[in-house]
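To start, the structure itself, in structure tokens.
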Amino acid sequence: MRSLSIAATGMQAQQLNVEVISNNIANMNTTGFKRQRAQFQDLLYQNLERPGASTSAAGTNAPMGIQVGVGVRAGSIGRVTEQGSIERTDNTTDVAISGRGYLQVQMPDGSTAYTRAGNLAADAEGRLVTADGFPIAPGITVPTEAISISISRDGVVEATVQGQAEPQQLGQIELAAFVNPAGLEAIGDNLFLETAASGSPNTATPSSPGFGTLMQGFLETSNVNAVEEISALIVAQRAYEMNAKVITASDEMLQTAAQVR
Amino acid sequence: MDNLQLIAVQTQRVMQRRMETAANNLANVTTLGFKADALLTEMDARAPARSSDRPSDVRFVRDVGLIRDMRQGPITRTGEPLDIAIEGNGFLTVQGPEGPLYTRAGALTMNDAGQLTTDAGDPVLNAGGAPIVFDAQGERPQIGPDGAITIAGVEVGRLGLVSFANERGLEKVGDNLWSPKSTATTQFEGRVVQGALESSNVNPVLELTRIIEISRAYESAARIVRSGDDLRQRAIERLGRV
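Chains as they are written, first to last, in the numbering used here: chain A, 120 to 380; chain B, 72 to 313.
Quick look at the structure:
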């Protein structure tokens, strides 16, 4: 009874689907989080009767054969990189990216990671760092005597220092964009790494053509839509149940067969 | 065994196969670009069940082929530049191990050579039959309704999109791919939607009712076998008494 194992693959697939959805819901309030989706593929087909098989002695052929599929498997888990909504925080070191691009983050091992979570802060040495304390690249150091800092839409960071009329320019924030941002590898802590699927980064100052603008005092929320996720959860749960129904029905058929005599 | 039992057993065999087809449809209820199958059954004209007494038109049932439901699956928006849905008839051309294969699952990505691939990693071919290569540092590609790929306003290529004169002649080979067994490609008749994906066209309600129907038909076939057996047993008892 192949239908038993076919339905089992369906249940496994829906289980993965529920896992992905639950991770999305768990990260509904994570700054800069991009939701994921599970993508499935059908499994091999068994050709029980090939198209073109003869159907009579007169030489007629079956126009199409009989193929029985053997179920489904998880192909990949994709990321949906559409913009999350922008929320006002009034914190001067918070930046949201409106549009395309990622902030570059200097990792402790020297590599570069990318993030959309712009909840930055100055560390003990005055460097602008992410929530985990990794400095952004190119590095920006805020002098200790600064009263306030401003970040322009095109990424220029300036500080007003006590006793000076003119603001002091501290540096320039650069954004990195990718051909296929969905191909970036998530490493947790809102950070992403470049992969073959994402392409290599293309850096430019914010507000350049094709890049997003920076918004000081705002943060990008996750792009998880609660209603969408809950409805996806319902669909996944029902699909799971339906596959379980197939198992029950197949079981009943086997039972019938066993009770014939 | 006599006809009654043989016919019932053949019915059970066909029902089992129908069940497998329905199970595969339900397992793929969330598979991108999946098209539902249904088993086509008919009276077997070739091998009539032999019967010693009238009526003589007792026949076996048999499965002759698949009906493939090629209707459009629902299109959902994702906003990703490399997600492609095809509206209407048509397929994307994918490089297979032995010649081109076709797919409607348009969740595309890139490999390390910058080639546009399916999410399983098979290169997507352009209109000339060659893989599509992107500049890994380039701008976001725009894909038009006719499959033309433009980057920063310059056309850099065209997706290899085809339609088939006889879509039913296509054979599924798994991994969301189709093989053009006995049918020729024609001019693309559909429309490409960038930033969207086509879901499975399986109708779960229909499949569930089908499953109930199949298991009941299987049960009644089993009952026929049993009553045929009872009949024979009674005949042996009575004849034994004579």
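Every residue gets a Cβ at the ideal spot worked out from N, C-alpha and C, and that includes glycine.
**Residues from the region 156-167 of chain A in contact with chain B, defined by Cβ distance under 7 angstroms** = Gln158, Phe159, Gln160, Asp161, Leu162, Leu163 and Tyr164
**Request:** Could you tell me whether the Cβ of A/Thr340 comes closer than 8 angstroms to any Cβ of chain B?
**Result:** no
**Prompt:** Between the Cα of A/Asp228 and the Cα atoms of A/Thr367, A/Arg207 and A/Leu312, which residue gives the shortest distance?
**Reply:** A/Leu312
**Request:** Anything in chain A within Cβ reach of B/Ser286, meaning under 7 angstroms, just list it in chain order.
**Result:** Ala368, Glu371 and Met372
**Item:** Backbone CA spacing between B/Leu196 and B/Gln186 [nearest angstrom]
**Value:** 9 angstroms
**Prompt:** Residues bridged to B/Ala52 by DSSP?
**Reply:** Because chain B is modelled from 72 through 313, residue 52 of chain B falls outside the range shown and cannot be assessed.
**8 angstroms Cβ cutoff, B/Gln265 in contact with chain A** = no
**Prompt:** Taking C-beta to C-beta, are A/Thr231 and A/Ala256 nearer than 8 angstroms?
**Reply:** yes
**Prompt:** Counting contacts by CB-CB distance shorter than 8 angstroms, is A/Ile216 in contact with chain B?
**Reply:** no
**Message:** Run through the DSSP bridge pairs and tell me what B/Pro171 is partnered with.
**Reply:** B/Gln166
**Item:** Neighbour flag for A/Arg121 against chain B, beta carbons, 8 angstroms
**Value:** yes
**Item:** Where B/Asp193 meets chain A, residues with beta-carbon distance less than 9 angstroms
**Value:** Correct list: empty, because the minimum Cβ distance to chain A is about 11 angstroms.
**Item:** A/Gly318 to B/Thr82 span [Cα, whole Å]
**Value:** 56 angstroms
**Message:** Since A/Gly129 and B/Leu97 should fall inside the 8 angstroms C-beta cutoff, what is the C-beta to C-beta distance between them, to a whole number of angstroms?
**Reply:** 6 angstroms
**Request:** Measure from the C-beta of A/Ala200 to each C-beta in chain B and report whether the shortest distance is under 8 angstroms.
**Result:** In the sequence as displayed, the identity of residue 200 of chain A is Thr instead of Ala. Yes, A/Thr200 counts as interfacial toward chain B.
**Item:** Cβ-based burial, B/Leu310 [other Cβ within 10 Å; buried from 16]
**Value:** exposed
**Item:** When B/Glu308, B/Glu226, B/Gly245 and B/Leu137 are compared against B/Phe205, the one with the closest alpha-carbon
**Value:** B/Glu226
**Prompt:** Taking the alpha-carbon positions, what's the B/Ala93 to A/Gly188 distance?
**Reply:** 10 angstroms
**Request:** Measure the alpha-carbon distance for B/Gly218 versus B/Arg229 and round it to whole angstroms.
**Result:** 5 angstroms
**Request:** Output the distance between the C-alpha atoms of A/Ala284 and A/Ala278, rounded to the nearest integer angstrom.
**Result:** 11 angstroms
**Request:** Look at the Cβ atom of A/Thr330, then the Cβ atom of A/Ala301, and state whether they are nearer than 8 angstroms.
**Result:** Note on residue identity: the sequence assigns Phe, not Thr, to residue 330 of chain A. No, they are not a contact pair.
**Prompt:** A/Gly190 and A/Leu167 look like a contact to me (Cβ under 8 angstroms); what is the Cβ gap, rounded to whole Å?
**Reply:** Contact flag wrong, Cβ pair sits at about 16 angstroms.
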